[in-house]
Amino acid sequence: MKRRVVITGMGVITPLGKTVDELYESQLAGHSGIGPIRHFDASQFPTKFAAQVKDFKLADHVPNPERWRAAGANSRFAAAAACQTLGDAGLLGDTRANRDRFGIYVGAGEGIHDFHNFFSLVARNFDPDRRKVNTAGFAAGGLKDFHPAEEFEQELHTTTGHLGAYFDLRGPNYTCLTACAASSQAIGEAACQIRHGDADLMLAGGAHSMIHPLGVTGFNRLTALSTRNDAPEKASRPFDKDRDGFVLGEGAGMVILEELEHAKKRGANIYAELAGYGTTADAFAVTDSHEAGRGAIACIEMALRDSGLPASAIGYINAHGTSTQVNDRVETLAIKKVFGDGAYQIPISSSKSMLGHLIAAAGAVELIISIVAMRRGILPPTINYETPDPDCDLDYIPNVAREKKVCHVLSNSFGFGGQNISLIASEFN
Amino acid sequence: MAATSRRAVLTGIGVLSAIGQDNAAFWQALQAGRSGIRSIQAFDTSTLPVRIAGEVRPFDARYYVEKSQRKSLLIMARTIQLGVAASKLALDDSGVDKTKLDPKRFGVEFGAGLIATELDELADAALLSANCLPGQVDLERWGSASMEAIPPKWMLKYLPNMPACHVSIFHDAQGPNNSITENDVAGLLAMGEAFRILARDQADFFIAGGAESRINPLSMVRQCLFDALSRRNEHPEKACRPFDRNRDGFVLGEGGGVFVMEELEHACRRGARIYAEIIGFGSAFDATVNPRVANPKAPAGESGLARAIRAALGEAEIGPEEIDHVNAHGLSSVSSDAWEARGLQAVFGACRQPVPVFAAKSYFGNLGAGGSTTELAASIFALQNGFVPRTLNYDQPDPACPLAVVAREPKPIRTPYVLKVSFTQMGQCAAVVVRKWE
Numbered sequence: 024m025k026r027r028v029v030i031t032g033m034g035v036i037t038p039l040g041k042t043v044d045e046l047y048e049s050q051l052a053g054h055s056g057i058g059p060i061r062h063f064d065a066s067q068f069p070t071k072f073a074a075q076v077k078d079f080k081l082a083d084h085v086p087n088p089e090r091w092r093a094a095g096a097n098s099r100f101a102a103a104a105a106c107q108t109l110g111d112a113g114l115l116g117d118t119r120a121n122r123d124r125f126g127i128y129v130g131a132g133e134g135i136h137d138f139h140n141f142f143s144l145v146a147r148n149f150d151p152d153r154r155k156v157n158t159a160g161f162a163a164g165g166l167k168d169f170h171p172a173e174e175f176e177q178e179l180h181t182t183t184g185h186l187g188a189y190f191d192l193r194g195p196n197y198t199c200l201t202a203c204a205a206s207s208q209a210i211g212e213a214a215c216q217i218r219h220g221d222a223d224l225m226l227a228g229g230a231h232s233m234i235h236p237l238g239v240t241g242f243n244r245l246t247a248l249s250t251r252n253d254a255p256e257k258a259s260r261p262f263d264k265d266r267d268g269f270v271l272g273e274g275a276g277m278v279i280l281e282e283l284e285h286a287k288k289r290g291a292n293i294y295a296e297l298a299g300y301g302t303t304a305d306a307f308a309v310t311d312s313h314e315a316g317r318g319a320i321a322c323i324e325m326a327l328r329d330s331g332l333p334a335s336a337i338g339y340i341n342a343h344g345t346s347t348q349v350n351d352r353v354e355t356l357a358i359k360k361v362f363g364d365g366a367y368q369i370p371i372s373s374s375k376s377m378l379g380h381l382i383a384a385a386g387a388v389e390l391i392i393s394i395v396a397m398r399r400g401i402l403p404p405t406i407n408y409e410t411p412d413p414d415c416d417l418d419y420i421p422n423v424a425r426e427k428k429v430c431h432v433l434s435n436s437f438g439f440g441g442q443n444i445s446l447i448a449s450e451f452n
Numbered sequence: 027m028a029a030t031s032r033r034a035v036l037t038g039i040g041v042l043s044a045i046g047q048d049n050a051a052f053w054q055a056l057q058a059g060r061s062g063i064r065s066i067q068a069f070d071t072s073t074l075p076v077r078i079a080g081e082v083r084p085f086d087a088r089y090y091v092e093k094s095q096r097k098s099l100l101i102m103a104r105t106i107q108l109g110v111a112a113s114k115l116a117l118d119d120s121g122v123d124k125t126k127l128d129p130k131r132f133g134v135e136f137g138a139g140l141i142a143t144e145l146d147e148l149a150d151a152a153l154l155s156a157n158c159l160p161g162q163v164d165l166e167r168w169g170s171a172s173m174e175a176i177p178p179k180w181m182l183k184y185l186p187n188m189p190a191c192h193v194s195i196f197h198d199a200q201g202p203n204n205s206i207t208e209n210d211v212a213g214l215l216a217m218g219e220a221f222r223i224l225a226r227d228q229a230d231f232f233i234a235g236g237a238e239s240r241i242n243p244l245s246m247v248r249q250c251l252f253d254a255l256s257r258r259n260e261h262p263e264k265a266c267r268p269f270d271r272n273r274d275g276f277v278l279g280e281g282g283g284v285f286v287m288e289e290l291e292h293a294c295r296r297g298a299r300i301y302a303e304i305i306g307f308g309s310a311f312d313a314t315v316n317p318r319v320a321n322p323k324a325p326a327g328e329s330g331l332a333r334a335i336r337a338a339l340g341e342a343e344i345g346p347e348e349i350d351h352v353n354a355h356g357l358s359s360v361s362s363d364a365w366e367a368r369g370l371q372a373v374f375g376a377c378r379q380p381v382p383v384f385a386a387k388s389y390f391g392n393l394g395a396g397g398s399t400t401e402l403a404a405s406i407f408a409l410q411n412g413f414v415p416r417t418l419n420y421d422q423p424d425p426a427c428p429l430a431v432v433a434r435e436p437k438p439i440r441t442p443y444v445l446k447v448s449f450t451q452m453g454q455c456a457a458v459v460v461r462k463w464e
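Line order of the protein sequences matches chains Z and F.
Position in the first sequence (from 1) plus 23 gives the number in my numbering.
Position in the second sequence (from 1) plus 26 gives the number in my numbering.
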């Protein structure tokens with residue numbers, strides 16, 4: 024018999040709230056979480072704004088947070104969201120759950136880069152005659168200046184390692200970093216592990232912050248970010264004709280995935296069923312999506328096939344909707360291709376219009392929003408939708424939340440580098 | 027355990043390491059017991075406490091990329107180039123006609139790590155805003171001047187999902203594509219995931235494996251700060267000595283190991299040469315590998331390594347005595363090797379004959395995300411050739427590692443089953459069982 028997977032816990036740390044309720048209410052109200060960058064002096068950067076998590080102290084979320092002292096924002100957000108999620112699922116400190124069958128799969132970003140020491144060392148050890156950095160000098164300085172513990176916490180496996188150790192989860196422990204698709208991919212593969220029998224419970228999701236000097240620099244150099252500095256809260260405008268790039272966000276989103284019978288047996292509160300998962304690659308270009316959306320189309324189709332649902336069953340789509348020219352056009356194209364004329368009847372919105380782009384954490388947070396919308400029967404809007412784009416002519420729930428009963432929701436995530444992920448969540452009765 | 031009728035076989039192998047840049051050279055070195063660990067040539071290491079590693083030299087990525095696509099090598103760090111090259115070798119070795127593959131059923135699963143930036147390309151930016159106060163970048167000047175001096179595509183050169191991304195573009199692999207970033211165990215987890223995806227019928231053909239290079243100034247500084255490397259600089263070839271009593275830390279290597287993994291019917295239809303079948307996989311977590319990570323309040327339990335092995339053996343439906351040899355993680359670290367030995371003992375301790383253990387890192391060091399799959403390749407060649415190579419530098423047994431290490435001479439293969447294990451120093455563990463194809 025097929026093992027079914029349900030969602031029995033959710034938790035978030037986002038620029039629009041540090042609980043699922045707070046996040047969802049802000050989304051319904053159409054609040055923007057975007058403002059001037061405060062994490063560092065970005066006054067001379069091409070992009071001077073982002074969606075930042077406000078007033079975050081790990082100690083407010085996790086007892087005894089000492090192990091995260093040297094950790095980056097990614098791991099700290101992950102710890103807080105994980106604690107919230109486990110608590111929500113009634114699994115925090117639950118000694119009856121079999122820890123060996125309880126795993127982790129997180130799309131986790133990298134830790135803090137020691138920006139100041141690194142560039143200072145490069146400058147100090149530059150040999151002008153050879154036009155090269157003197158590596159012996161750089162190495163000697165690095166041994167002295169870099170902080171060993173902080174350097175260690177940059178390693179990509181530390182986020183899930185700490186979660187496994189702290190919460191005593193001893194099952195499969197994975198992390199993936201497929202850019203903007205990472206946390207959706209983590210949730211999809213974690214669900215497959217449960218279906219296959221590798222685990223009964225998985226803590227899955229994502230955590231990331233690229234709101235640091237090098238992160239903003241990297242995206243600015245690729246001209247991927249909006250530069251609407253005079254009106255940051257208007258900068259993320261998915262599907263609007265005047266969109267000019269995405270806005271960096273940060274945070275974490277986690278869910279508990281649980282085998283259905285396991286959830287029933289312990290009387291868990293079931294939010295939804297994770298019904299479908301699609302995973303493909305564009306195999307086209309390093310940065311841009313395939314113009315005809317071939318990877319995205321195949322991905323949504325694969326998720327539908329996996330769920331066994333007809334396309335017409337999908338009542339709401341939470342779009343990847345980054346607010347870049349290419350993504351929003353290609354995603355619209357892909358939705359039209361898969362859903363045909365029905366595409367015009369499906370309400371679609373982009374959480375990124377308010378939250379910005381949480382990169383590795385984006386998909387998990389957006390899936391959570393989609394599930395709450397399905398349960399509450401009110402779909403969040405796409406804000407800043409002012410000027411229609413002829414290439415983007417679907418129903419993007421412009422600016423105002425909408426009441427609608429839906430039973431199946433689709434959440435898309437398309438990564439830089441061509442990884443596409445689609446997740447389908449269904450009402451559970 | 028969900029039964030599946032879809033079986034996964036390995037039909038292509040690509041390895042790049044300090045002991046060889048093709049399968050024949052790789053096996054020759056293993057057969058001859060020849061280490062690839064040397065003094066580092068890549069850059070001036072005179073100020074570092076560690077000056078040895080297993081380098082892939084000379085390495086020219088252009089050799090592995092078609093002329094029309096060579097421009098993209100400019101946006102690939104060495105790690106990415108090694109991954110692209112090993113993938114090309116594996117595909118060539120599989121003998122597949124790419125034009126006959128269904129791109130939508132062709133996936134890529136890669137293990138990847140943090141990729142360190144090169145220094146010279148950032149020097150102009152640094153000079154403009156970071157040469158006044160030590161340890162301080164003037165962010166205003168950075169924004170107004172340095173920004174423009176950063177190569178526009180700089181970031182793309184270092185994203186961990188780029189090896190899998192470039193491989194998918196070069197070979198038109200439009201199926202599932204993931205980059206697992208779980209340090210030393212990443213490649214094996216990627217293989218395990220590909221195995222699962224094949225079984226659940228979302229792909230027929232995979233490039234699966236990993237690659238990594240940390241032999242560059244920034245990575246080496248960071249690794250030295252973590253203080254786990256061997257400092258046997260005077261005797262590079264003797265430095266990596268898994269399970270030996272006098273081991274003093276691990277040795278960095280670089281390179282990668284990549285497999286073509288294919289659904290059995292698919293392989294048979296095209297008349298592919300089959301090396302081996304993957305018949306079991308398991309993974310688990312156990313923080314006790316590292317006292318600094320472990321949770322002192324957590325109740326004691328069975329070793330995570332042992333649990334991963336039991337899961338893999340269970341799926342393979344074989345007992346521990348049927349394993350020909352264990353291809354160990356064998357890091358050459360004092361505590362890690364002892365922890366591994368305890369995990370292996372928990373599973374194999376009751377066997378009437380001790381199970382032979384082989385540690386491939388003794389030849390080429392620790393390839394990080396590319397290590398576990400490169401090491402597994404050694405055992406696949408061992409199955410092909412009928413004997414297990416000897417583990418280098420195993421001179422004096424350590425009572426803390428009571429294992430039957432294959433050491434003095436190669437050991438004839440007795441059974442068709444090999445167990446490969448790998449884990450990280452945070453506690454992520456994986457195990458794979460393969461069976462020789464006959």
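Where is the CB? At the ideal position from N, CA and C, for every residue including glycine.
Practice task
Please confirm if V278 of chain Z has its CB atom under 8 Å from at least one CB of chain F.
Solution key: no
Exercise for the section: Return helix, strand or coil for L74 of chain F, following the three-state DSSP convention. Expected result: coil
Practice task
Can you tell me which of the three DSSP states T42 of chain Z falls into?
Solution key: coil
Problem - Environment of Q368 of chain Z [buried if 16+ CB atoms lie within 10 Å] - result: exposed
Problem - Where A79 of chain F sits in the DSSP three-state scheme - result: strand
Exercise for the section: Go ahead and pull the three-state DSSP assignment for T105 of chain F. Expected result: helix
Handout entry: Cβ pair V319 of chain F, A188 of chain Z closer than 8 Å
Key = yes
Practice task
Please name the residue, chosen from F:T400, F:L278 and F:H292, that lies closest to S359 of chain F on a Cα-to-Cα basis.
Solution key: F:L278
Exercise for the section: Show which residues of chain F have a CB atom less than 7 Å away from the CB atom of D64 of chain Z. Expected result: L165 and E166
Problem - Rounded straight-line distance, which links the Cα of Q249 of chain F to that of A386 of chain F - result: 21 Å
Exercise for the section: Report all residues from its chain with a CB closer than 6 Å to the CB of A310 of chain F; omit the five preceding and five following residues, and keep chain order. Expected result: G330, R333, A334 and C455
Handout entry: Cβ of E208 of chain F within 8 Å of any chain Z Cβ
Key = yes
Handout entry: Inter-residue CB distance, L370 of chain F and S239 of chain F (contact presumed, cutoff 8 Å)
Key = Rounded, the Cβ-Cβ distance is 29 Å, inconsistent with contact.
Exercise for the section: Return helix, strand or coil for C266 of chain F, following the three-state DSSP convention. Expected result: coil
Problem - Contacts of F69 of chain F in chain Z (Cβ-Cβ under 7 Å) - result: T158
Exercise for the section: Compare the C-beta of M27 of chain F with all C-beta atoms of chain Z and state if any pair is closer than 8 Å. Expected result: At M27 of chain F, the pLDDT of 41 sits below 50, so the modelled position is not reliable; the number obtained from the coordinates is stated separately. With 8 Å as the cut-off, M27 of chain F counts as an interface residue toward chain Z.
Problem - 6 Å Cβ shell around T314 of chain F - same chain, five flanking residues per side excluded - result: A320
Problem - Positions along the segment 174-200 of chain Z whose CB lies within less than 8 Å of some CB in chain F - result: E174, F175, Q177, E178, L179, H180, T181, T183, G184, H185, G187, A188, Y189, D191, L192, R193, G194, P195, N196, Y197, T198, C199 and L200
Practice task
Give me the Cα-Cα distance between A342 of chain F and S448 of chain F, rounded to the nearest whole angstrom.
Solution key: 18 Å
Exercise for the section: Return the bridge partner residues of D78 of chain Z from the DSSP annotation. Expected result: Beta-bridge pairing links D78 of chain Z to no other residue.
Handout entry: Rounded separation between E174 of chain Z and P411 of chain Z - CA only
Key = 47 Å
Exercise for the section: Evaluate G400 of chain Z with the Cβ neighbour count: other Cβ atoms within 10 Å of its Cβ, from every protein chain shown; 16 or more gives buried, anything less gives exposed. Expected result: exposed
Handout entry: V360 of chain F: first and last residue of the uninterrupted alpha helix (DSSP H) it sits in
Key = V360 to F374
Exercise for the section: Excluding the 5 residues preceding and the 5 following D363 of chain F in the sequence, name in chain order all residues of the same chain whose CB lies nearer than 7 Å to its CB. Expected result: P268, F269, R273, G356, L357 and C427
Practice task
Would you please state the rounded distance, in angstroms, between the beta carbons of E289 of chain F and D198 of chain F? I believe it to be under 8 Å.
Solution key: Contact doesn't hold; Cβ gap of about 18 Å is too wide.
Exercise for the section: Return helix, strand or coil for L330 of chain Z, following the three-state DSSP convention. Expected result: This sequence places Ser at residue 330 of chain Z; Leu is not what is there. Three-state result, S330 of chain Z: helix.
Handout entry: Pair within 8 Å by beta-carbon distance, V122 of chain F and R336 of chain F
Key = no
Problem - Coil, strand or helix - L280 of chain Z by DSSP - result: strand
Handout entry: Partners in chain Z for V134 of chain F, counting only beta-carbon separations shorter than 8 Å
Key = A304
Problem - Continuous beta strand (DSSP E) assignments of at least 3 residues falling wholly in the segment 198-231 of chain F - result: 203-206
Practice task
Starting from the beta carbon of T240 of chain Z, find every residue of chain F whose beta carbon is closer than 9 Å, and list them in chain order.
Solution key: A151, W168, G169, S172, M173, I176, W180 and M181
Handout entry: Where P19 of chain F sits in the DSSP three-state scheme
Key = Because chain F here runs from 27 to 464, residue 19 of chain F falls outside it and cannot be looked at.
Problem - Under 8 Å between C-beta atoms of R122 of chain Z and D191 of chain Z - result: yes
Exercise for the section: Determine the burial state of T454 of chain Z: buried for a count of at least 16 other Cβ atoms within 10 Å of its Cβ, exposed for fewer. Expected result: Since the first residue of chain Z shown is 24 and the last is 452, residue 454 of chain Z is not available in this structure.
Exercise for the section: Tell me whether Q442 of chain Z sits in a helix, a strand or coil according to DSSP, three-state version. Expected result: strand
Problem - Cβ pair count under 8 Å reaching 3, the segment 273-284 of chain Z against the segment 384-399 of chain Z - result: yes
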